[in-house]
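The next block holds one structure in the form of structure tokens; read it before the comments.
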Amino acid sequence: MMLKVILFLACLLQLSTLHATAFDFAPYRVRNLLPTDLVRSVASADPARLVAVGEYKVSFDLDLANLATTNNSAAAQIHLDGETLQETLGMRYGMNENIQIGFDLSWVNHKKGSLDGFIEDWHDFFGLPAGDRDELPDDDLSYRYQRNGEELFNIDHSANGLGDLRLQLSWQLATSQPMASALHLTVKVPTGAADKMTGNEGWGVNLSLAHDYRITLDDGASASFWGGLGGSWLEDGDVLAEQAENWAANAWLGAGWSPNNWLALKLQMDGQTALYESDLEELGDPALILTIGGTIALTQKTFLDLAVEEDLAVNSSPDVSFHLGLSHFF
């Protein structure tokens, strides 16, 4: 299996050297994949540079999170052991020099933890703390939460379905060779199902400001720095409605370095306020996520993102997540 992966990546690298031209940086549009956060979610890290007039950008993202945490307080108990996979189809279209429209539609699948053994070996090899993993069974699915003796959700078998639809309108505030800024307005339409934890059946509105700065280095390499701030209004919905916070804020900060015209190495930090009122870290603590990876230009207009996400604020986001994104401009 490992040999097949190596050969596949080698083919991608060879293809990119044959067809790619100038590299285009873009932030990682990752989300907190804790089931309780996924059904609400804050603004995503959208680019500061919109697509060109009359141009389409189509993207397909795979985000896989492995969860293994259990916690309790005087009034509540939470147990999250399993994996959540989110597949997202997105489109952006440049209406004119300053306006862009688009959408994102996801499919969410909660399933057994097929990567438990691999992640445990990874932690052992690097001497990383295992947290609650040693206390939980491998390859299990159990998402449950109780408060004051009442069970508020319990998913113990595979559950999947359509996630929430997000409609976006973007404005290009400024753009130049080194710097760009954009404003993004996103409306979350409740197309997901609360009983499957693919949505909370509540509306949401995100407003975010994105900025980036790009430079060309003396050796022909290039670098980019980006960041953004977002604010969200989120309806209570049907998932933990009594504890839901209606207002949330988030921010992201990232940097990338491209040594040539087909590869970029990137890292990004995403932080958000808590989406629920709770004494439990999984619900009531802010989240801080570090994403490390890179982007390969497969052709002049096709880009592949590969990244790993780690929780820097323990238990408020998945222990580890994996991101794969494919985008094409036409």
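Using full-length UniProt numbering, the first residue of the sequence shown is number 1, and each one after it goes up by one.
Quick reminder that beta carbons are idealized off the backbone N, C-alpha and C, glycines included.
As the structure is a prediction and not an experimental result, all values here were calculated from the model.
1. Kindly indicate which residue of Leu50, Tyr145 and Asn261 has the alpha-carbon position closest to the one of Thr295.
2. Using CA coordinates, which residue listed in His211, Asn246, Leu183 and Thr198 is at the minimum distance from Trp252?
3. Excluding the 5 residues flanking Ile78 on each side, which residues of the same chain have their C-beta closer than 6 Å to its C-beta?
4. Since Asp305 is in the beta strand (DSSP E), which residue starts that stretch and which ends it?
5. Which word fits Asn250, buried or exposed, when buried means at least 16 other C-beta atoms lie within 10 angstroms of its C-beta?
6. Provide the residue span of the alpha helix (DSSP H) that contains Thr88, from first to last.
7. Given that a residue counts as buried once 16 or more other Cβ atoms are within 10 Å of its Cβ, and exposed if not, what is Lys4?
8. Which parts of the region 226-264 are runs of the beta strand (DSSP E), unbroken and 3 residues or longer, counting only runs that do not cross its ends?
9. Are there three or more Cβ pairs, one per stretch, closer than 8 Å when the region 305-317 is compared with the region 96-111?
10. Looking only at its own chain, which residues have a Cβ that is under 7 Å from the Cβ of Ala52, when we skip the five neighbours before and after it?
11. Terminal residues of the continuous alpha helix (DSSP H) containing Thr186?
12. Select from Thr191, Ser44, Ala48 and Leu33 the residue whose C-alpha is nearest the C-alpha of Gln177.
13. Would you mind sorting Leu89 into buried or exposed? The rule is 16 or more other CB atoms within 10 Å of its CB.
14. Pick out whichever of Gly199, Thr198 and Leu207 has its Cα sitting closest to the Cα of Val187.
15. Rounded to a whole number of angstroms, what is the C-alpha to C-alpha distance between Glu120 and Glu55?
16. Assess contact between the region 142-160 and the region 181-201, defined as three or more Cβ pairs (one per stretch) separated by less than 8 Å. Is contact present?
17. Rank Gly256, Gly227, Ser232 and Gly254 by C-alpha distance to the C-alpha of Asn246 and give the top, closest one.
18. For His323, which residues from the same chain have a beta carbon less than 6 Å from its beta carbon, with the 5 sequence-adjacent residues on both sides left out?
19. Could you tell me the alpha carbon to alpha carbon distance between Lys57 and Arg214, rounded to whole angstroms?
20. Please list, in chain order, all residues of the same chain as Leu136 whose beta carbon is under 6 Å from its beta carbon, the five residues on each side excluded.
21. Taking DSSP as the reference, what is the three-state secondary structure of Leu38?
22. Taking 6 Å as the limit between beta carbons, can you name the residues of its chain near Leu312, skipping five residues before and five after?
23. Quick check on the DSSP output: the beta strand (DSSP E) that includes Glu151 runs from which residue to which?
24. Tell me the rounded alpha-carbon separation between Thr21 and Ala182.
25. Using a Cβ-Cβ cutoff of less than 8 Å, which residues in the same chain neighbour Tyr276 once the five nearest sequence positions on both sides are dropped?
26. Consider the Cβ of Leu304: report whether some Cβ of chain C lies at a distance smaller than 7 Å.
27. May I ask you to report which of helix, strand or coil DSSP gives Ala115?
28. Is Asp138 helix, strand or coil when you go by DSSP?
29. Can you tell me whether DSSP reads Phe330 as helix, strand or coil?
30. Let me confirm a value: Gly293 is counted as buried when at least 16 other C-beta atoms fall within 10 Å, else exposed. Which label applies?
According to the structure data:
1. Asn261
2. His211
3. Asn71, Tyr145, Leu280 and Glu282
4. Counting along the chain, the beta strand (DSSP E) containing Asp305 begins and ends at Thr302 to Asp311.
5. buried
6. First-last for Thr88: Ala76 to Gly94, but that is the beta strand (DSSP E), not the alpha helix (DSSP H).
7. Confidence at Lys4 is low in this model, with a pLDDT of 46, below 50, so its placement is unreliable and the value that follows should be read with caution. Under this definition Lys4 is an exposed residue.
8. 247-258
9. no
10. Gly94
11. For Thr186, no alpha helix (DSSP H) run applies; the uninterrupted beta strand (DSSP E) run containing it begins and ends at Met179 to Val189, by DSSP.
12. Ala48
13. exposed
14. Residue Leu207 is the option with its Cα nearest to Val187.
15. 44 Å
16. Touching, yes.
17. Ser232
18. Val30, Asp63 and Ala307
19. 21 Å
20. Contacts found: Ala68 and Asp81.
21. In the structure shown, the three-state DSSP call for Leu38 is helix.
22. Leu288 and Leu290
23. Glu150 to Ile155
24. Note that Thr21 scores a pLDDT of 44, beneath 50, so its modelled location is shaky; the value from the coordinates is reported in the next line. Rounded to the nearest angstrom, the two C-alpha atoms are 25 Å apart.
25. Thr36, Leu240, Gln243, Ala244, Glu245, Leu283 and Gly284
26. The question asks about chain C, but that chain is absent: this structure has only one protein chain.
27. The displayed chain sequence assigns Leu, not Ala, to residue 115. Note: Leu115 maps to coil in three-state DSSP.
28. coil
29. coil
30. buried
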